[in-house]
Amino acid sequence: MAQTTTGAGVPTGAAAGDGAPAGDGLPKGFRDARQGWPELHRIPHPPHRLPFLGDVLGADRRTPVQDSMRLARRLGPIFRRKAFGKEFVFVWGARLVADLADESRFAKHVGLGVANLRPVAGDGLFTAYNHEPNWQLAHDILAPGFSREAMAGYHTMMLDVAARLTDHWDRAPAAGHTVDVPGDMTRLTLETIARTGFGHDFGSFERARPHPFVTAMVGALSYAQRLNTVPAPLAPYLLREASRRNAADIAHLNETVDALVRARRAAGGDGRGDLLDRMLDTTHPQTGERLSARNVRRQVITFLVAGHETTSGALSFALYYLARHPQVAARARAEVDRVWGTAAAPGYEQVAKLRYVRRVLDESLRLWPTAPAFAREARQDTVLAGEHPMRRGAWAMVLTPMLHRDPQVWGPDAERFDPDRFEARAVRARPPHVFKPFGTGARACIGRQFALHEATLVLGLLLRRYELRIDPGYRLKVTERLTLMPEGLRLRLERRTPASGTAGASPAQEQGPAQEACPARQARSAGVPEAGDTGDGSAARCPVHGAGD
Numbered sequence: 041m042a043q044t045t046t047g048a049g050v051p052t053g054a055a056a057g058d059g060a061p062a063g064d065g066l067p068k069g070f071r072d073a074r075q076g077w078p079e080l081h082r083i084p085h086p087p088h089r090l091p092f093l094g095d096v097l098g099a100d101r102r103t104p105v106q107d108s109m110r111l112a113r114r115l116g117p118i119f120r121r122k123a124f125g126k127e128f129v130f131v132w133g134a135r136l137v138a139d140l141a142d143e144s145r146f147a148k149h150v151g152l153g154v155a156n157l158r159p160v161a162g163d164g165l166f167t168a169y170n171h172e173p174n175w176q177l178a179h180d181i182l183a184p185g186f187s188r189e190a191m192a193g194y195h196t197m198m199l200d201v202a203a204r205l206t207d208h209w210d211r212a213p214a215a216g217h218t219v220d221v222p223g224d225m226t227r228l229t230l231e232t233i234a235r236t237g238f239g240h241d242f243g244s245f246e247r248a249r250p251h252p253f254v255t256a257m258v259g260a261l262s263y264a265q266r267l268n269t270v271p272a273p274l275a276p277y278l279l280r281e282a283s284r285r286n287a288a289d290i291a292h293l294n295e296t297v298d299a300l301v302r303a304r305r306a307a308g309g310d311g312r313g314d315l316l317d318r319m320l321d322t323t324h325p326q327t328g329e330r331l332s333a334r335n336v337r338r339q340v341i342t343f344l345v346a347g348h349e350t351t352s353g354a355l356s357f358a359l360y361y362l363a364r365h366p367q368v369a370a371r372a373r374a375e376v377d378r379v380w381g382t383a384a385a386p387g388y389e390q391v392a393k394l395r396y397v398r399r400v401l402d403e404s405l406r407l408w409p410t411a412p413a414f415a416r417e418a419r420q421d422t423v424l425a426g427e428h429p430m431r432r433g434a435w436a437m438v439l440t441p442m443l444h445r446d447p448q449v450w451g452p453d454a455e456r457f458d459p460d461r462f463e464a465r466a467v468r469a470r471p472p473h474v475f476k477p478f479g480t481g482a483r484a485c486i487g488r489q490f491a492l493h494e495a496t497l498v499l500g501l502l503l504r505r506y507e508l509r510i511d512p513g514y515r516l517k518v519t520e521r522l523t524l525m526p527e528g529l530r531l532r533l534e535r536r537t538p539a540s541g542t543a544g545a546s547p548a549q550e551q552g553p554a555q556e557a558c559p560a561r562q563a564r565s566a567g568v569p570e571a572g573d574t575g576d577g578s579a580a581r582c583p584v585h586g587a588g589d
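Numbered per the working numbering, the sequence shown spans residues 41 to 589.
In structure tokens:
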């Protein structure tokens with residue numbers, strides 16, 4: 041599932057256990073940049089730094105990522121910020137990030153934003169420290185859940201959930217209503233991961249309000265970000281009521297997942313072979329170890345939260361850009377009509393053939409990666425890009441939206457939306473490690489191919505069914521809750537005429553038979569980039585055979 045951000049603003053809260061040694065011998069919790077960067081003075085920082093308060097003038101605690109983006113444009117490809125006595129280093133220049141992506145010298149760093157989520161997800165796949173064994177155990181057990189065979193099985197359930205979305209959206213034009221894009225994409229992606237991974241139905245489209253699980257999840261994410269804006273010693277006093285609400289939110293998440301697991305255990309296993317079955321019944325192929333009951337809960341929460349929160353944002357941004365650029369939408373829609381033909385619903389293998397639709401998605405993720413930052417730490421003393429000495433354990437935050445806007449890579453028009461940036465020749469011409477919406481390395485998103493298949497499928501279905509109209513007066517405003525989402529985005533829908541022979545059919549009414557041909561081989565034979573090619577210079581991979589790290 042797509043990663044959530046590590047908190048790319050001015051994080052000031054402290055994770056539990058500050059200063060205590062971790063299993064790898066490094067201090068657990070926050071590590072100040074002054075401890076790990078011997079030549080920190082060479083890295084620029086904002087002007088008008090205040091004693092103790094640091095670089096807080098003009099900062100908005102509600103938009104820490106966008107604050108950091110504004111500073112990045114002024115200060116350059118590496119810069120630092122200080123708040124309440126704590127110093128942080130941010131990196132976004134492509135050459136520097138490429139060096140941080142070197143797995144032999146750097147590893148994932150669990151930054152404050154991620155550490156603040158540990159009360160929710162503990163040592164789950166996303167929030168585990170590198171020295172904790174359960175992330176590797178869970179990764180090895182769950183990786184087959186993203187094989188080609190597993191993904192082909194998920195496809196049918198994705199179509200079923202998409203049909204619930206289109207049934208819901210079909211009623212809007214008749215009633216003269218617009219649709220709430222972020223809200224409905226959240227409903228869609230929650231139901232998709234819940235059904236495919238855990239055999240559960242939250243009934244999101246039958247509810248007038250968000251499911252309580254979503255409300256609790258948003259509350260927990262918002263609290264984790266808020267912790268990053270309050271001095272650690274003052275947090276118990278300033279966030280007393282928020283802390284009580286957060287505890288209730290976490291309790292609700294735990295209770296929901298515990299009930300889901302109890303129901304599956306009571307059923308004695310129903311042969312679904314989904315992610316939950318793997319968590320409960322599968323042993324590690326080499327060691328024979330199983331996930332503990334506590335870790336199963338943490339992994340389920342991780343997948344339910346990360347597995348829908350970032351994908352819903354990616355779909356929402358893509359729909360914004362499609363509505364804002366009718367010529368792009370027309371080209372994408374023509375591709376859907378041509379590739380899918382008159383079948384009421386696409387077969388699994390046909391989704392990978394929507395190469396222009398995928399470019400739209402990738403370009404949306406370039407401009408607004410919904411997981412907007414990830415942190416990397418030095419495995420040993422080293423020098424970043426031959427310029428900046430780093431001690432073992434020193435870390436930096438990669439500001440992904442700015443990496444994706446580096447004019448040295450993306451050109452002087454890097455702020456412009458242009459899906460053809462992901463045309464095959466353009467991808468091959470770019471250096472490695474410049475497109476990182478799913479993180480990097482061994483701890484990158486395990487479910488990225490799941491998310492990409494789901495998002496491409498849904499965009500194709502919606503383009504084939506509707507014309508998307510946006511209020512000309514709408515101006516994109518991005519809301520932050522550790523992940524990014526367009527705020528207040530509503531679209532007016534127009535059902536397409538049945539000239540194509542497809543507009544009146546429900547996505548779940550008919551599914552073409554899945555074929556055995558590998559989409560990667562089809563892509564190679566056609567001379568186009570594969571759906572698994574992220575444009576970062578890594579080897580192209582089949583969207584299902586190479587199922588993310």
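Beta carbons: idealized from backbone N, C-alpha and C, even for Gly.
**Prompt:** Touch check for the stretch 393–404 and the stretch 364–375: three-plus C-beta pairs under 8 Å?
**Reply:** yes
**Request:** Look up Val423 in the DSSP assignment and give the residues it is bridged to.
**Result:** Pro429
**Prompt:** How far does the alpha helix (DSSP H) with Leu601 in it reach, from first residue to last?
**Reply:** Shown here, the chain extends from 41 to 589; a query on residue 601 therefore has no answer.
**Request:** Using three-state DSSP, classify Tyr293 as helix, strand or coil.
**Result:** In the sequence as displayed, the identity of residue 293 is Leu instead of Tyr. Reduced to three states, the DSSP call for Leu293 is helix.
**Among Val336, Gly353, Phe186, nearest to Pro477 - alpha-carbon criterion** = Gly353
**Request:** Determine the contact status of His240 and Leu182, defining contact as a CB-CB distance below 8 Å.
**Result:** no
**Prompt:** If we count the other Cβ atoms within 10 Å of its Cβ and call it buried at 16 or more, is Thr44 buried or exposed?
**Reply:** Summary for Thr44: the model assigns pLDDT 42, below 50, so the residue's position carries little reliability, and this model does not support an answer.
**Asked** Which term fits Phe92, buried or exposed, when burial requires 16 or more other beta carbons within 10 angstroms of its beta carbon?
**Response** exposed
**Request:** Let me know the secondary structure DSSP gives Val221 once reduced to three states.
**Result:** helix
**Item:** Of the listed residues Ser332, Gly328, Leu344, nearest to Thr296 (C-alpha basis)
**Value:** Leu344
**Request:** Kindly list the residues whose CB is nearer than 7 Å to the CB of Ser262, restricted to its own chain and excluding five residues on each side of it in sequence; keep chain order.
**Result:** Arg521
**Asked** How is the beta strand (DSSP E) around Pro441 delimited, first residue to last?
**Response** That residue, Pro441, is in no beta strand (DSSP E); its alpha helix (DSSP H) goes 440–443.
**Message:** Taking DSSP's pairing of strands, which residues face Glu127 in a bridge?
**Reply:** Lys122
**Asked** So does the stretch 166–179 actually touch the stretch 323–342, counting three or more Cβ pairs closer than 8 Å?
**Response** yes
**Prompt:** Can you give the beta carbon distance from Thr269 to Arg120, rounded, assuming they're within the 8 Å contact cut?
**Reply:** Thr269 to Arg120, Cβ: 18 Å. No contact.
**Asked** Do Val221 and Arg530 come within 8 Å of each other at the CB atom, strictly closer than that value?
**Response** yes
**Request:** Would you check if the distance between the CB atom of Asn335 and the CB atom of Ala212 is smaller than 8 Å?
**Result:** no
**Request:** Pick helix, strand or coil for Ala383, following the three-state DSSP scheme.
**Result:** coil
**Asked** What did DSSP end up calling Ala56 once you bin it into helix, strand or coil?
**Response** Only weak support is given to the placement of Ala56: the predicted model assigns it a pLDDT of 39, under 50, and the question is left unresolved by the model.
**Request:** Using the Cα positions of Gly116 and Val438, report the straight-line distance between them to the nearest angstrom.
**Result:** 13 Å
**Asked** Does the beta-carbon of Pro512 have 16 or more other beta-carbons within 10 angstroms, so that it is buried, or is it exposed?
**Response** exposed
**Request:** With DSSP collapsed to three states, give me the class of Val270.
**Result:** coil
**Message:** For Phe146, tell me which candidate among Asp210, Thr480, Arg416, Ala155 has the shortest Cα-Cα distance.
**Reply:** Arg416
**Asked** For the alpha helix (DSSP H) that His149 lies in, which residues bound it at each end?
**Response** Taken as a continuous stretch (DSSP letters only), His149 belongs to no alpha helix (DSSP H), being part of the beta strand (DSSP E) at 146–149.
**Prompt:** Any idea if Tyr388 is buried or exposed, counting beta-carbon neighbours within 10 angstroms, 16 or more meaning buried?
**Reply:** buried
**Asked** Roughly how many whole angstroms lie between the Cα atoms of Gly487 and Gly347?
**Response** 8 Å
**Item:** DSSP state of Tyr169 mapped onto helix, strand, coil
**Value:** coil
**Item:** Where the alpha helix (DSSP H) containing Pro213 begins and where it ends
**Value:** 188–215
**Item:** Glu463, enclosing alpha helix (DSSP H) - first and last residue
**Value:** Premise fails: Glu463 is in no alpha helix (DSSP H) and is neither H nor E.
**Request:** For the alpha helix (DSSP H) holding Leu111, just list the boundary residues, first then last.
**Result:** 104–115
**Item:** One or two residues paired with Arg416 in a DSSP bridge
**Value:** Lys148, Ala436
**Asked** So, helix, strand or coil for Ile181, using DSSP?
**Response** helix
**Request:** Can you tell me which of the three DSSP states Tyr360 falls into?
**Result:** helix
**Asked** What are the uninterrupted segments assigned as beta strand (DSSP E) that are 3 or more residues long and contained completely in the stretch 314–356, given in chain order?
**Response** none
**Message:** In the DSSP output, what is Val518 paired with across the bridge?
**Reply:** Pro526
**Request:** Taking all protein chains shown into account, decide if Ala566 is buried (16 or more other Cβ within 10 angstroms of its Cβ) or exposed.
**Result:** Residue placement at Ala566 is poorly supported in this model, since its pLDDT is 35, which falls under 50; the coordinates still yield a value, given next. With fewer than 16 other Cβ atoms within 10 Å, it is exposed.
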